[in-house]
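Numbering (UniProt numbering), first residue to last: 1 to 110. Heads up, the thing below is written out as structure tokens.
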Amino acid sequence: MRAKVHVKKGDTVLVASGKYKGRVGKVKAVLPKRGAVIVEGVNIVKKAVRVSPQHPQGGFVEQEAPLHASKVRPICPACGKPTRVRKKFLEDGRKIRVCAKCGGSLDVEE
């Protein structure tokens, strides 16, 4: 069963708890089956890699590891504060995400 994740790829988020509390970054990927997100520059781990065409020397590579989605809060583009997400239906039937503090839209309009 997939967990509903309140953030989307490309959202700017604040890490609300844990080792990286207070860091701000962009969501690179969302993993709904695990209920996790990958945030740029947060939760960096070292991974051992074998010799391959991409890594001719082998060795260690630093990369971002997933964080649980409950540890991050999206930052509202309108008010600039970390917030919870509410859903709102527009007149044309579309459902958008809005800031719980100021009511501004979190979704980028195409």
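Note that beta-carbon positions come from the ideal geometry of N, C-alpha and C, so glycine has one too. All values derive from a computational prediction rather than experimental measurement.
Asked: Beta-carbon proximity of T83 to K95, cut-off 8 Å; Found: no
Asked: Stretch-stretch touch, CB-based, cutoff 8 Å, three pairs: the segment 29 to 44 with the segment 66 to 78; Found: yes
Asked: Supposed close pair R97, K87 - CB separation, criterion 8 Å; Found: 6 Å
Asked: Beta-carbon spacing of K9, A29 below 8 Å; Found: yes
Asked: Beta-carbon proximity list for G25, same chain, < 8 Å, skipping 5 on both sides; Found: T12, V13, V15, V39, E40, G41 and V42
Asked: Proximity winner among F60, Q54, P53 and V51, relative to I44 (alpha-carbon distances); Found: F60
Asked: Nearest-angstrom beta carbon gap, L106 and C79 [assumed within contact, 8 Å]; Found: Actually they are not in contact, since the Cβ atoms of C79 and L106 sit about 11 Å apart, beyond 8 Å.
Asked: Terminal residues of the beta strand (DSSP E) in which Q63 lies; Found: G59 to E64
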